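S.K.: Under my numbering, the residues of the sequence shown are numbered 50 to 412, in order.
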Amino acid sequence: MKAVIWNGDAWPNGVTYGDFPTPEPDPGWVLVKTVANGICGSDLHYLQGYTRHLVHDENLPAVMGHEAAGVVAKLGDGVEGLKVGDRVALEPLHACRELGLPPCLMCQTGNYQLCPNLSIVGVPIGRMIPGGYGEYGLYHQTRVFKLPDQVSFEEAALLDTLACTVHAINLARPVPGETAAVIGCGIIGIDTIQCLKAAGLKDILAISKYDWQGEMALRYGATEVIVTQGKLDAVKEVKRLTQGWGVDQVYECVGGNSEVLKEIPGMVRPKGKIVMEGVFSGSSPVDVLTLLLKESPLLPSMCYSYYEGKREFQMALDMVSLGKAEQATMITHRFEITDWREAIQTAIDKNRTHASKAMFVYS
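Set out below in structure tokens:
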């Protein structure tokens, strides 16, 4: 198959386009022909070398891409409930049971996102499974979801991100009448705003670095936007808008090498919750004393799994299917896979291109 291939060196030298072995589905697994795949910020962290230290060399070369949707192309032995040609959404997380291992403690308790054997399709950690930067990807049958007619491939490709925010909301359990601040207005931030709105919150502050992101946050449900442009003191603004108390919940949706965690304790009111959704590439300082004095819990949110017995990926699919979350309009740039270089550079240069979400769309 044709694929965008990463050899481990930093962008752009470490990325090429060419032939890669088409995977074969083992028993219980499904080969899916990729139709759409989003370019995720975490992909860029790997390609640019920021998280290279997390990658084992045996996982290289790698076909990235964990935000995929497509059509069933081939079934491994024993697969039930699916047929060739089915339109499907694809959960990339695979843990002990899917990998043929005895279930660990986390898998036994339903927290498979915390499994030490966690392998994510299109991510070069754990067991490397080729993803949506190639024409075909492999998924265990339990990670393949039939698409309702009203959900497009492009919308389905963004379900992984939405499921992550569903999990964050389920951890924090916001209730109507509470206030929230969302720091970072990329896709994770926008989906968090949508989930908070669906949970019944009417006062949602969005904190963005750029005007165009702030405008987007307002379109998706934020009631107030604070655009810092690297200068404005967001803590003072949050306090001004909340009579000096701060908000009930803060959602950190930046990650990377940001030092935003320094500021967050000043934004939350006593007993308020702080949810970390962003993936940090290194250590980040936290004002633990302020958290202690406020009795404010810090809740890291890692991917998704189950909530009250239901798969959170399915919950995300249901939100889109029922019109409770808008996904398609977040896609600002679409590229054929043969235009991979322009696609990835567009995603990297989002402050110039205003690329909220760049996506590979296979013709």
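Built from N, CA and C at the ideal position, the CB exists for glycine as well. Predicted, not measured: the structure shown is a model, and the values here were computed from it.
Whole angstroms is fine: what's the gap from residue 195's alpha carbon to residue 300's?
M.R.: Locating residue 195 in the sequence shown gives position 146, where the first residue counts as 1. Locating residue 300 in the sequence shown gives position 251, where the first residue counts as 1. Going by the C-alpha atoms only, they are around 31 Å apart.
S.K.: Should residue 341 go down as buried or exposed, given a rule of 16 or more other Cβ atoms within 10 Å for buried?
M.R.: The count along the sequence shown starts at 1 and reaches residue 341 at position 292. Label assigned to residue 341: exposed.
S.K.: Out of curiosity, what's the CA-to-CA distance linking residue 323 and residue 343?
M.R.: As a first step, residue 323 is located in the sequence shown; it is residue number 274 there, counting from the start. As a first step, residue 343 is located in the sequence shown; it is residue number 294 there, counting from the start. So the alpha carbons of these two residues sit roughly 12 Å apart.
S.K.: Is the Cβ-Cβ distance between residue 57 and residue 109 less than 7 Å?
M.R.: The count along the sequence shown starts at 1 and reaches residue 57 at position 8. The count along the sequence shown starts at 1 and reaches residue 109 at position 60. Yes. Within cutoff.
S.K.: When the Cα atoms are used, what is the spatial distance from residue 377 to residue 204?
M.R.: Counted from its first residue, the sequence shown places residue 377 at position 328. Counted from its first residue, the sequence shown places residue 204 at position 155. Those two C-alpha atoms are separated by around 5 Å.
S.K.: May I ask you to report which of helix, strand or coil DSSP gives residue 318?
M.R.: Here residue 318 refers to the residue found at position 269 when the sequence shown is read from its first residue. Residue 318 falls in the strand class under three-state DSSP.
S.K.: Just checking my contact of residue 169 with residue 141 at CB under 8 Å: how many whole Å lie between their CB atoms?
M.R.: By 1-based counting over the sequence shown, the position of residue 169 is 120. By 1-based counting over the sequence shown, the position of residue 141 is 92. Between residue 141 and residue 169 the Cβ distance is about 5 Å, and since that is below 8 Å, they are a contact.
S.K.: Taking 7 Å as the threshold (C-beta atoms), are residue 276 and residue 260 in contact?
M.R.: Residue 260 sits at position 211 when you count from the first residue of the sequence shown. Residue 276 sits at position 227 when you count from the first residue of the sequence shown. In contact: residue 260 and residue 276 (Cβ atoms closer than 7 Å).
S.K.: Restricting to Cα atoms, I'd like to know which of 285, 96 and 386 is closest to residue 397.
M.R.: Locating residue 397 in the sequence shown gives position 348, counting from the first residue. The shortest Cα separation from residue 397 among 285, 96 and 386 belongs to 96.
S.K.: If you reduce the DSSP assignment to three classes, tell me which class residue 374 lands in.
M.R.: Position 325 of the sequence shown, counted from the start, is the residue given in the question as residue 374. Three-state result, residue 374: coil.
S.K.: Can you have a look at residue 216 and say buried or exposed, based on whether 16 or more other CB atoms are within 10 angstroms of its CB?
M.R.: Translated into the one-based positions of the sequence shown, residue 216 becomes position 167. Answer is buried; the Cβ neighbour count reaches 16.
S.K.: Taking buried to mean at least 16 other C-beta atoms within 10 Å of its own C-beta, is residue 74 buried or exposed?
M.R.: What you label residue 74 is simply residue 25 of the sequence shown in a count that begins at 1. With 16 or more Cβ atoms within 10 Å of its Cβ, residue 74 is classed as buried.
S.K.: I believe residue 350 touches residue 325 by the beta-carbon criterion, under 8 Å. Please report the beta-carbon distance rounded to the nearest angstrom.
M.R.: Position 301 of the sequence shown, counted from the start, is the residue given in the question as residue 350. Position 276 of the sequence shown, counted from the start, is the residue given in the question as residue 325. Right, their Cβ atoms sit about 6 Å apart.
S.K.: Would you decide whether residue 338 is buried or exposed? Buried here means 16 or more other CB atoms lie within 10 Å of its CB.
M.R.: In the sequence shown, residue 338 corresponds to position 289, counting from 1. Label assigned to residue 338: exposed.
S.K.: Would you kindly check if the distance between the Cβ of residue 159 and the Cβ of residue 171 is under 7 Å?
M.R.: Here residue 171 refers to the residue found at position 122 when the sequence shown is read from its first residue. Here residue 159 refers to the residue found at position 110 when the sequence shown is read from its first residue. Not a contact, by the Cβ cut-off of 7 Å.
S.K.: Quick check on residue 183: does DSSP put it in helix, strand or coil?
M.R.: Position 134 of the sequence shown holds residue 183. If DSSP states are grouped into helix, strand and coil, residue 183 belongs with the strands.
S.K.: So, for residue 311: in the same chain, excluding its five sequence neighbours on each side, which residues have a beta-carbon less than 6 Å away from its beta-carbon?
M.R.: What you label residue 311 is simply residue 262 of the sequence shown in a count that begins at 1. Residues 334 of the same chain have their beta carbon placed closer than 6 Å to that of residue 311, with the five preceding and five following residues left out of the count.
S.K.: Quick check on residue 240: does DSSP put it in helix, strand or coil?
M.R.: Sequence index remark: in the sequence shown, residue 240 carries index 191 (1-based). In the structure shown, residue 240 sits in a helix (DSSP, three-state: H, G or I).
S.K.: Is residue 294 closer than 7 Å to residue 66 when the C-beta atoms are compared?
M.R.: Start at 1 with the first residue of the sequence shown, and residue 66 comes out as number 17. Start at 1 with the first residue of the sequence shown, and residue 294 comes out as number 245. No. Outside cutoff.
S.K.: Please look up how many angstroms separate the CB atoms of residue 302 and residue 237, rounded, as I've assumed it's under 8 Å.
M.R.: Locating residue 302 in the sequence shown gives position 253, counting from the first residue. Locating residue 237 in the sequence shown gives position 188, counting from the first residue. The C-beta distance from residue 302 to residue 237 rounds to 4 Å, short enough to meet the 8 Å contact threshold.
S.K.: Pull up the distance between the alpha-carbon of residue 128 and that of residue 150, whole angstroms please.
M.R.: The residue you call residue 128 lines up with position 79 of the sequence shown. The residue you call residue 150 lines up with position 101 of the sequence shown. Distance between the alpha carbons of residue 128 and residue 150: 18 Å.
S.K.: So which of 370, 364, 411 and 316 has the shortest CA-CA distance to residue 353?
M.R.: Translated into positions along the sequence shown, residue 353 becomes position 304. It is 364.
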